[in-house]
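Undergrad: What follows is a single structure, and I will ask about it in a moment.
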Amino acid sequence: MTENNAPSESVLIPERPSLEGLEAKWSQIWNEQGTYTFVRPKSREQVFSIDTPPPTVSGSLHVGHVFSYTHTDLIARYQRMCGKEVFYPMGWDDNGLPTERRVQNFYGVRCVPSEPYDPDFTPPEKPDPKRQVPISRKNFVELCVKLTAIDEQVFESLWRTLGLSVDWNHLYATISPVAQRIAQRAFLRNLSRGEAYLSQAPTLWDITFQTAVAQAELVDKDYAGNFYRIAFHAPDRPIYIETTRPELIPSVCALIAHPSDERYQPLFGTSVKSPLFDVEIPVLAHHLAEPDKGAGIAMCCTFGDLTDVTWWRELQLPSRVVLTRDGRLQGDTPAWLTNAAPYAALAGKTVFSAREAIVEMLKESGDLDGEPKPTTRQTKFFEKGDKPLEIVSTRQWYIRNGGRDEELREQLLRRGEEMTWVPEYMQHRYEDWVKGLNGDWLISRQRFFGVPFPIWYRLDAEGNPDYAAPIAATEEMLPVDPANEPPTGYTEAQRGKPGGFIGDPDVMDTWATSSLSPQIVCGWDYDEELFNLTFPMDMAPQAHDIIRTWLFSRVVRSHLEHGKLPWKLGAISGFVVDPDRKKISKSQGNVIVPDEILARLGADAVRWRAALARPGTDSPFDENQMKVGRRLAMKVLNASKFILGTGSPLEPETQPENPADLAMLAQLRTVVADAGAAFETYDYSTALEVTERFFWSFCDDYVELVKERAYGAQGEIQANSARTALRTALHIQLRLLAPFLPFVTEEVWSWWREGSIHRARWPQVTELPEAGSRELPDEVAAVLIGIRGVKSAAKVSMKTEICRAEISGAAKSLERLKAIEADLRAVGRITADIIWTPTEDRLQVVADLAPTLTK
RNA sequence: GGGCGCAUAGCUCAGUUGGUUAGAGCGCUUCCCUUACAAGGAAGAGGCCGGCGGUUCGAGUCCGUUUGCGCCCACCA
């Protein structure tokens, strides 16, 4: 920590201070001087560690990111000034599906694992989205690495411009070898403890990306469709069901109604025949069937939705899967169809065309009752997909997360209680999510750019893989790609051969790696000293949409691996919404580009606005509000220029003695206490508010009041008191503002102080005298408003002289004001002695303006 | 359907454990080129604190209820 009481040898103040260029100037100097470098202290207590969210580099940063990362930085800067060594890394989430998609579009390629590797491959000059060049997995991954490196430069540059006090020496990427090794190591440990397992089960499946997706990645979207009323055939009559998915009739396993539904009770235990295909379908009872929905009786298919999965499991129905992984009906005619002929019209079609085809056939056969009724329903989509999810039965890796295990769920709920939430009510979201989990965490993805599973499977004599006993890598082998390396005890020549092995073809979902961010940054498997100094971490900041994903998944991993929370405190920021309070998104076309705002208004202005957004609260974007921040930054420059230009205080330094000076400093003492207390509870907004309120009244009232005296109008002793007070107040206020306005405060600091303000000590109340009056600042403000009011009402300049002034009010107030009459007369341009009239009323000023020849 | 949050000036928001006359900024009105600042500054107007009911000497604040908005989750035959 730099000694902050050491003024520079000389004071160098620019003629016209300006905000332009401060970001470039200071971010470079901070980088060169290692201002934010984490220096390992002796003990954990001296560290404040932050688990920074790694932004997805394939996307773009928007104002919401800027706000939320600023919130973290405010706390980081406060803690650093309080003497903590702040461990503040940055990460890039660069693996995963979003990157793959961006690479496909950017270079016009697509990954086809069967293609051979071409070491000289260069992407097409002009990408053609309709004719993407097929390339090998290795070529594809190389392009992913190349593009993410470019994207990461852009991100880093924006964060530096914004003034994030990140230690760039601790930069990580979720696709880096370290991250891969840690992800694989943690997975192997989960596996050995039985927390990770392989399972063949119905899975939510995206047909576009052809991968499984996890519960946390689901979103509901409106989806237009029709209700079709369709007849199944009981021996004596038709039984109508209503469905939006008639193309699934070939996969019907049962009709299901509620046990108490009198309409269908006689049918329970009997069977009906399906339309077109004549398959015998049992009619069964289950409590999840809802009598008031549709016809009150539902067709259960394998699988139309998650309820079907429940019915299929609980009623032990047969699997009659017709839907394949590409979203088409299978080409072969299913064996269970009694009347197979109609299926020919459906084979190989997408669900959409199959639906049209089967509706035609149902019309012809007379099984479609009435006209289809248009409906808009909410359907589950992959958050990045644009076709509804299907459910297919696949083999996937899962990690236990309490979704199927009461005891683990309870433990994870306990962890949520253990954690400090800012704001507190966000804990409910965590609990809602944990309580609502309906299955374990699916971590495998059938994709290419990601961390591979360190797993192989033995092939039997026929060449069939043995999924029951996977071969796991040993920790020494990590990171390992089973597509390129054989397992221990095998040679590469045995790959794919009967009696040999195959590698697990899947990769981990990106959340499976980012869920280990605390382990990755803190050096879990590579730096024990660092790990002990930084883990569990102090703070995990994130926006509220991420509670169910990243926040929860880190709690799961840390709980399973370490038996504790990964951090003490979860800080949740809100979103920046557009002025109509709509969520900002690309599809809405209301994205606000931060670079441009930063360039125009300056980082300090944007940060100032971000600091007004309290934790958890959404803020509408309003550029006018940011301009206020810019004005504050300008005011800091100008006020500082004035204060430092009034001439040096006497040597040796003496304490201020004028009552006005002492009163101002006493008031500032309270501000220091309040701002610090607010920061201690992560309430950066209140810290800013109290600081700023003081600063404006300091400029408007106090500086105006003492200006003449500081120039020397009342002699050297009085001037010295004012100058000392002004400089003390500036010294304190710059530091109070430093977390919010890091650039302008550093600029002013450099005019007259050594070192960086950001390594200076957070202001202490003990730096300020206590003696001053608590009442005087408000009384001065009242008198100034009175004097200015008179001039304003007369529409004259504030310079206009007052030839007679009478101040009335409580005797005690008058006593205090009398003591600074010289200052009052100077600021009000009062040419005669002030008349003091004690009354019971509030302070009042009556003044006569001196006659002037010109206005 | 369950949960959470919000409702205070035209707009964005403060308002600590109930206590004088409910605050700030933006915007608006009227002024002022004042040797820190005109990309400034001063003064001013503007509020039935969503509705109803209760507790209390006293309610923006506590309790109940209701309306509207937002978010999360569930359901979506």
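End of the first sequence sits at 963 in the numbering used here; the numbers just go up one at a time, nothing left out.
Virtual Cβ for every residue (Gly too), placed ideally from N, Cα, C.
Values in this document were obtained by computation on a predicted structure and should not be read as measured data.
Roughly how many angstroms lie between the CA atoms of L505 and I364, to the nearest whole one?
TA: In the first sequence, the residue the question calls residue 505 occupies position 397. In the first sequence, the residue the question calls residue 364 occupies position 256. Checking the sequence, you will find Trp at residue 505 rather than Leu. Their Cα atoms are separated by approximately 31 Å.
Undergrad: Any contact between the segment 188 to 203 and the segment 791 to 802? By contact I mean 3 or more CB pairs, one from each, below 8 Å.
TA: Result no; under three Cβ-Cβ pairs closer than 8 Å.
Undergrad: Looking only at DSSP bridge pairs, what is R503 linked to?
TA: Locating residue 503 in the first sequence gives position 395, where the first residue counts as 1. Bridge partners of R503: Q308.
Undergrad: Using only alpha-carbon positions, find the residue among G216, P237, K238, D712 that is nearest to P231.
TA: Taking the first sequence and counting its residues from 1, one reaches residue 231 at position 123. Considering only alpha carbons, the answer is G216.
Undergrad: Identify the residues that DSSP records as bridge partners of D201: which are they?
TA: Numbered from 1 along the first sequence, position 93 holds the residue referred to as residue 201. D201 pairs with T164.
Undergrad: Tell me the residue span of the beta strand (DSSP E) that contains Q650.
TA: The sequence position of residue 650 within the first sequence is 542, counting from 1. Note, Q650: beta strand (DSSP E), 645 to 651.
Undergrad: Can you grab the Cα-Cα spacing for the pair P285 / P587, in whole Å?
TA: Numbered from 1 along the first sequence, position 177 holds the residue referred to as residue 285. Numbered from 1 along the first sequence, position 479 holds the residue referred to as residue 587. Approximately 7 Å, taken between the alpha carbons.
Undergrad: Output the distance between the C-alpha atoms of P594 and D612, rounded to the nearest integer angstrom.
TA: The count along the first sequence starts at 1 and reaches residue 594 at position 486. The count along the first sequence starts at 1 and reaches residue 612 at position 504. Approximately 11 Å, taken between the alpha carbons.
Undergrad: Please list, in chain order, all residues of the same chain as S829 whose beta carbon is under 7 Å from its beta carbon, the five residues on each side excluded.
TA: As a first step, residue 829 is located in the first sequence; it is residue number 721 there, counting from the start. Excluding positions up to five away in sequence, the list reads P764, E765, N766, D769.
Undergrad: Using only CA atoms, which one of A577, S552, A648 lies nearest to D614?
TA: Counted from its first residue, the first sequence places residue 614 at position 506. For the residues A577, S552, A648, the minimum Cα distance to D614 belongs to S552.
Undergrad: Taking the beta strand (DSSP E) that K676 belongs to, which residues open and close that run?
TA: As a working mapping, residue 676 is identified with position 568 in the first sequence. Per DSSP, K676 belongs to the beta strand (DSSP E) from 675 to 681.
Undergrad: Please tell me whether, using a cut-off of 6 Å, the distance from the CB of E525 to the nearest non-hydrogen atom of the ligand PLP is below it.
TA: Looking for the ligand PLP in the displayed structure turns up nothing, as the structure carries no ligands at all.
Undergrad: Ignore the nearest five residues each way along the sequence and tell me which others in D931's own chain have a CB closer than 7 Å to its CB.
TA: Counting from one through the first sequence, the residue named residue 931 turns up at place 823. Once the five neighbours on either side are set aside, the close Cβ partners of D931 are A768, L813, V814, R817.
Undergrad: Using the Cα positions of A889 and V898, report the straight-line distance between them to the nearest angstrom.
TA: On the first sequence, residue 889 is found 781 positions in, with the first residue counted as 1. On the first sequence, residue 898 is found 790 positions in, with the first residue counted as 1. Answer to the nearest angstrom: the Cα atoms are 14 Å apart.
Undergrad: Around the C-beta of D275, are 16 or more other C-beta atoms found within 10 angstroms, so that it is buried, or is it exposed?
TA: Translated into positions along the first sequence, residue 275 becomes position 167. That one is buried.
Undergrad: Counting beta carbon pairs with one atom in the segment 175 to 189 and one in the segment 218 to 233, are three or more of them shorter than 8 Å?
TA: No contact exists between the segment 218 to 233 and the segment 175 to 189.
Undergrad: Of the choices P426, T164, S793, G129, whose alpha-carbon is the least far from that of A711?
TA: Position 603 of the first sequence, counted from the start, is the residue given in the question as residue 711. Checked all of P426, T164, S793, G129; the closest Cα to A711 is G129.
Undergrad: For the beta strand (DSSP E) that contains R950, what are its first and last residues?
TA: The count along the first sequence starts at 1 and reaches residue 950 at position 842. No beta strand (DSSP E) holds R950; DSSP gives it neither H nor E.
Undergrad: What are the start and end residues of the beta strand (DSSP E) that includes R485?
TA: Residue 485 sits at position 377 when you count from the first residue of the first sequence. 481 to 490 is the span of the beta strand (DSSP E), which, as asked, contains R485.
Undergrad: From W267 to H170, what does the alpha carbon distance come to, in whole angstroms?
TA: On the first sequence, position 159 is the one that residue 267 refers to. On the first sequence, position 62 is the one that residue 170 refers to. Using only the alpha carbons, I get a separation of about 12 Å.
Undergrad: Counting only runs of 4+ residues fully inside the segment 849 to 902, write out the alpha helix (DSSP H) ranges in chain order.
TA: Segments of the alpha helix (DSSP H) lying fully in the segment 849 to 902: 850 to 860, 884 to 901.
Undergrad: What's the C-alpha gap between V417 and T410?
TA: In the first sequence, counting from the first residue as 1, residue 417 sits at position 309. In the first sequence, counting from the first residue as 1, residue 410 sits at position 302. V417 and T410: Cα-Cα distance of roughly 7 Å.
Undergrad: Considering only their Cβ atoms, is the gap separating R912 from A940 smaller than 7 Å?
TA: Here residue 940 refers to the residue found at position 832 when the first sequence is read from its first residue. Here residue 912 refers to the residue found at position 804 when the first sequence is read from its first residue. Against a cut-off of 7 Å, the Cβ pair of R912 and A940 comes out as a contact.
Undergrad: Flag this pair as yes or no: are the beta carbons of I338 and D633 separated by less than 7 Å?
TA: Counting from 1 along the first sequence, the entry for residue 338 is found at position 230. Counting from 1 along the first sequence, the entry for residue 633 is found at position 525. Going by C-beta atoms, I338 is not nearer than 7 Å to D633.
Undergrad: Using a 10 Å radius around the Cβ and a threshold of 16 neighbouring Cβ atoms, would you call K488 buried or exposed?
TA: As a working note, residue 488 is residue 380 in the first sequence. It counts as buried.
Undergrad: With distances taken between CB atoms, is the gap from L454 to A465 smaller than 7 Å?
TA: As a position in the first sequence, residue 454 is number 346, starting the count at 1. As a position in the first sequence, residue 465 is number 357, starting the count at 1. It is a contact, given that the beta carbons lie within the stated cut-off.
Undergrad: Spatial neighbours of P237 within its chain, please: C-beta separation below 8 Å, excluding the five flanking residues on both sides.
TA: Position 129 of the first sequence, counting from 1, holds the residue named residue 237. Excluding positions up to five away in sequence, the list reads N213, G216.
Undergrad: Alpha carbon to alpha carbon, what distance is there between V873 and A713?
TA: For the purposes of this step, residue 713 is taken as the residue at position 605 of the first sequence. For the purposes of this step, residue 873 is taken as the residue at position 765 of the first sequence. Distance between the alpha carbons of A713 and V873 is about 28 Å.
Undergrad: Suppose you measure from the CA of Q535 to the CA of P224; what does that come to, to the nearest Å?
TA: Within the first sequence, the letter at position 427 stands for residue 535. Within the first sequence, the letter at position 116 stands for residue 224. When rounded, the distance between both Cα atoms is 50 Å.
Undergrad: Kindly give me the distance between the Cβ atoms of G199 and T160, rounded to whole angstroms, as I take these residues to be in contact under 8 Å.
TA: Looking up residue 199 in the first sequence gives position 91. Looking up residue 160 in the first sequence gives position 52. 6 Å between Cβ atoms; contact.
Undergrad: Helix, strand or coil for T528? Go by DSSP, reduced to three states.
TA: As a position in the first sequence, residue 528 is number 420, starting the count at 1. DSSP places T528 in strand when its eight states are reduced to three.
Undergrad: Which of helix, strand or coil does DSSP assign to H670?
TA: Taking the first residue of the first sequence as 1, we reach residue 670 at position 562. It is helical.
Undergrad: Leaving out five residues on either side along the sequence, give the residues of the same chain with a beta carbon under 8 Å from the beta carbon of V467.
TA: Here residue 467 is taken as the residue at index 359 of the first sequence, counted from 1. Y336, P354, L476, P480, listed in sequence order.
Undergrad: Report the residue from V387, D386, A403, S368 whose alpha carbon sits nearest the alpha carbon of H394.
TA: Here residue 394 corresponds to residue number 286 of the first sequence, with the count starting at 1. Checking every option, the nearest Cα to that of H394 belongs to S368.
Undergrad: Judging by CA-CA distance, which residue of T762, W870, P877 is the nearest neighbour of T832?
TA: Against the first sequence, residue 832 aligns to sequence position 724. Here the closest residue by C-alpha is T762.
Undergrad: Between V211 and L270, is the Cβ-Cβ spacing less than 7 Å?
TA: Position 103 of the first sequence holds residue 211. Position 162 of the first sequence holds residue 270. Cβ distance not < 7 Å, so V211 and L270 don't count as in contact.
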